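For reference, the structure is listed below as structure tokens.
As structure tokens, this is what we get:
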């Protein structure tokens with residue numbers, strides 16, 4: 293009988309792992325609404341919440357530690373972390389704070405009265421971008437960038453002027469440090485149009501343009517509050533009142549995208565676009581008081597529902613980020629933290645522990661200026677992942693710390709000092725050493 297039970301359990305494990313699903317990992321203590329998450333790797337995640345809450349996990353969300361000592365009262369709506377020590381957050385007062393010691397202390401870097409944080413992304417220790425509300429109609433959006441870790445936050449040249457519009461939290465996406473798209477909210481009651489801004493010159497270059505998108509607003513106005521791109525040409529945006537629009541020319545023109553079958557009115561919560569060749573876009577929504585999640589791989593021609601657990605149906609996905617195509621995380625209201633787990637790879641053992649070392653080819657390659665590097669280690673050990681130039685000189689350190697066994701994914705953003713050329717990335721874990729070539733094209 294014992295052998296039968298064990299076999300049945302293993303069979304269930306293998307069957308469940310063969311299908312993608314969202315599951316509840318935990319609810320953060322005190323159950324604060326999670327507004328934004330920052331996934332550094334498969335185990336290290338930072339989140340920011342209502343009521344000045346910043347939390348960090350180093351075990352994929354099983355346990356959380358408060359890291360918000362010294363932050364002022366108020367809700368937090370932007371967060372971007374690079375490792376266990378360095379993290380930036382933005383709040384509802386349009387201020388940016390940074391910690392270099394894992395949240396033990398925070399330093400105010402920037403603040404502008406009357407603004408509001410809608411998004412924050414650091415690509416490396418020096419370069420990052422921030423998007424905040426204009427201080428009033430007729431004033432520029434607070435699209436800012438830093439080249440020195442936030443010591444200075446400079447207004448993007450040609451930052452768009454608001455016309456009774458404001459930004460929306462998490463309503464943006466990018467392909468690299470040059471190409472961005474940002475949704476806007478027309479706060480005129482029952483508005484029938486609003487804008488989506490875009491640049492291919494980066495925040496530092498400015499050159500902002502916009503496209504006018506139609507839709508049906510509510511008494512609050514018309515918001516395009518979900519933005520997701522799969523490459524430099526193709527993406528979808530979603531509104532607060534049942535509209536989806538798609539583009540295949542980088543956001544110059546937009547057309548109606550089909551909505552998921554059986555869905556009537558809905559409000560977009562968040563969207564996520566994978567840039568890994570899978571063409572996957574996910575849409576988190578609230579329809580008739582119930583939260584749902586759908587995905588498409590053909591710009592909305594077909595949608596597949598990803599069933600949420602009961603807590604997910606109640607509290608929703610307010611923001612999601614993915615490590616790779618088969619592993620993602622999401623934060624929701626009431627401190628809900630969920631995990632997306634796709635089919636396991638054939639190199640994984642039954643209990644989920646990787647069976648071999650593997651350093652994968654970076655994607656994309658060539659790249660400018662960001663690329664993703666994935667690796668697998670079957671044993672816990674000190675891990676080093678570094679970038680070298682063609683002469684063997686170390687130019688960047690991505691990982692240099694103890695890691696549990698598992699699969700990892702890291703984004704490398706080439707600093708401005710690196711010129712176009714051939715570079716090498718080297719993984720060292722225990723006795724395992726592997727080196728691969730990557731190409732930077734600026």
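Residue numbers (this note's numbering): 293 to 734. We put the beta carbon where it would ideally sit given N, CA and C, even for glycine. Note that the coordinates shown come from a computational prediction; the quantities given were computed from them, not determined experimentally.
Taking residue i as part of the alpha helix (DSSP H), name the residues at either end of that continuous run.
{"i": "residue 496", "result": "494-497"}
Kindly indicate which residue of the options has the alpha-carbon position closest to the one of residue i.
{"i": "residue 376", "options": "343, 417, 366 and 422", "result": "417"}
{"i": "residue 563", "options": "474, 499, 513 and 484", "result": "474"}
{"i": "residue 687", "options": "539, 732, 393 and 517", "result": "732"}
{"i": "residue 524", "options": "547, 492 and 530", "result": "492"}
{"i": "residue 590", "options": "374, 522 and 390", "result": "522"}
{"i": "residue 340", "options": "318, 598 and 328", "result": "328"}
{"i": "residue 282", "options": "712, 456 and 330", "result": "Missing from the structure shown is residue 282; the chain here goes from 293 to 734 and no further."}
{"i": "residue 456", "options": "464, 463 and 477", "result": "477"}
{"i": "residue 519", "options": "575, 363 and 498", "result": "575"}
{"i": "residue 424", "options": "464, 534, 391 and 415", "result": "464"}
{"i": "residue 367", "options": "720, 505, 715 and 345", "result": "345"}
{"i": "residue 738", "options": "711, 691 and 706", "result": "Here the chain comprises residues numbered 293 to 734, so residue 738 is not present and cannot be evaluated."}
{"i": "residue 446", "options": "427, 498 and 460", "result": "498"}
{"i": "residue 467", "options": "490, 448 and 652", "result": "490"}
{"i": "residue 577", "options": "617, 546 and 529", "result": "529"}
{"i": "residue 333", "options": "696, 324, 500 and 709", "result": "696"}
{"i": "residue 412", "options": "655, 374 and 314", "result": "374"}
{"i": "residue 409", "options": "426, 396 and 393", "result": "426"}
{"i": "residue 652", "options": "449, 699, 689 and 632", "result": "699"}
{"i": "residue 626", "options": "320, 315 and 314", "result": "320"}
{"i": "residue 428", "options": "535, 407, 494 and 701", "result": "407"}
From what residue to what residue does the beta strand (DSSP E) around residue i run?
{"i": "residue 422", "result": "420-424"}
{"i": "residue 517", "result": "514-521"}
{"i": "residue 541", "result": "No beta strand (DSSP E) holds residue 541; DSSP gives it neither H nor E."}
{"i": "residue 766", "result": "Shown here, the chain extends from 293 to 734; a query on residue 766 therefore has no answer."}
{"i": "residue 566", "result": "Note, residue 566: premise wrong, no beta strand (DSSP E); not H, not E."}
{"i": "residue 318", "result": "313-319"}
{"i": "residue 546", "result": "Run containing residue 546: none; DSSP gives neither H nor E here."}
{"i": "residue 719", "result": "713-721"}
{"i": "residue 649", "result": "From DSSP, residue 649 is part of no beta strand (DSSP E); its letter is neither H nor E."}
{"i": "residue 401", "result": "399-403"}
{"i": "residue 730", "result": "724-732"}
{"i": "residue 500", "result": "No beta strand (DSSP E) contains residue 500, which DSSP labels as neither H nor E."}
{"i": "residue 633", "result": "628-633"}
{"i": "residue 528", "result": "527-531"}
{"i": "residue 411", "result": "409-414"}
{"i": "residue 491", "result": "485-491"}
{"i": "residue 475", "result": "472-478"}
{"i": "residue 327", "result": "326-331"}
{"i": "residue 337", "result": "337-341"}
Is residue i buried or exposed, if buried means 16 or more other CB atoms sit within 10 Å of its CB?
{"i": "residue 308", "result": "The predicted position of residue 308 is uncertain, since its pLDDT is 37 and thus under 50; a value taken from the coordinates is nonetheless stated next. Flag for residue 308 reads exposed."}
{"i": "residue 453", "result": "exposed"}
{"i": "residue 735", "result": "Any answer about residue 735 is impossible in this case: the structure gives the chain only from 293 up to 734."}
{"i": "residue 541", "result": "exposed"}
{"i": "residue 382", "result": "buried"}
{"i": "residue 581", "result": "exposed"}
{"i": "residue 594", "result": "exposed"}
{"i": "residue 517", "result": "buried"}
{"i": "residue 694", "result": "exposed"}
{"i": "residue 723", "result": "exposed"}
{"i": "residue 642", "result": "Any reading at residue 642 must be qualified, since the residue scores a pLDDT of 32, below 50, and its modelled position is unreliable; the value itself is stated next. It is exposed - the Cβ of residue 642 has fewer than 16 other Cβ atoms within 10 Å."}
{"i": "residue 730", "result": "buried"}
{"i": "residue 365", "result": "exposed"}
{"i": "residue 717", "result": "buried"}
{"i": "residue 469", "result": "buried"}
{"i": "residue 549", "result": "buried"}
{"i": "residue 602", "result": "exposed"}
{"i": "residue 539", "result": "buried"}
{"i": "residue 637", "result": "Note on residue 637: pLDDT 35, under 50, position unreliable in the model; the coordinate value appears next. Counting Cβ neighbours within 10 Å, residue 637 comes out exposed, since fewer than 16 surround it."}
{"i": "residue 504", "result": "exposed"}
{"i": "residue 725", "result": "exposed"}
{"i": "residue 511", "result": "exposed"}
{"i": "residue 243", "result": "Summary: the structure shown does not reach residue 243, with the chain confined to residues 293 through 734, and so no result is reported for it."}
{"i": "residue 639", "result": "Bear in mind that the predicted position of residue 639 carries a pLDDT of just 32, short of 50, making it unreliable; the figure below should be weighed with that in mind. Exposed, because fewer than 16 other Cβ atoms sit within 10 Å of the Cβ of residue 639."}
Determine whether the Cβ of residue i lies closer than 8 Å to any Cβ atom of chain B.
{"i": "residue 373", "result": "As a matter of chain content, chain B is missing from the structure shown, which is built from one protein chain."}
Problem set entry | Every unbroken beta strand (DSSP E) inside the region 574-622 [3 residues or more] | Taken in chain order, the unbroken stretches of beta strand (DSSP E) that lie wholly in the region 574-622 and span 3 residues or more are 582-588 and 611-616.
Exercise. With contact counted as at least three CB pairs below 8 Å, one residue from each stretch, are the region 613-620 and the region 578-589 in contact?
Worked result: No, because fewer than three Cβ pairs between the region 613-620 and the region 578-589 fall closer than 8 Å, the two stretches do not touch.
For this session: Mind the definition here: the region 657-675 touches the region 620-631 only if three or more C-beta pairs lie below 8 Å; say whether that holds.
Result: no
Exercise. Okay, do the region 430-438 and the region 479-486 touch, 3+ Cβ pairs below 8 Å being the bar?
Worked result: no
For this session: Would you check if the region 356-374 and the region 435-455 touch, i.e. whether three or more CB-CB distances between them fall below 8 Å?
Result: no
Exercise. For the region 667-698, which segments carrying the beta strand (DSSP E) assignment without a break, of at least 3 residues, lie completely within its bounds, in sequence order?
Worked result: 673-680 and 686-695
Exercise. Is it true that the region 597-607 meets the region 653-663, where meeting means three or more beta-carbon pairs spaced less than 8 Å apart?
Worked result: Contact fails: fewer than three Cβ-Cβ distances are below 8 Å.
Problem set entry | Unbroken stretches of the beta strand (DSSP E), 3 residues or longer, contained in the region 435-468 | Within the region 435-468, complete beta strand (DSSP E) segments of at least 3 residues are found at 457-466, given in chain order.
Exercise. Could you give the uninterrupted runs of the beta strand (DSSP E) lying entirely in the region 350-403, keeping only those of 3 residues or more?
Worked result: 368-373, 379-383, 387-391 and 399-403
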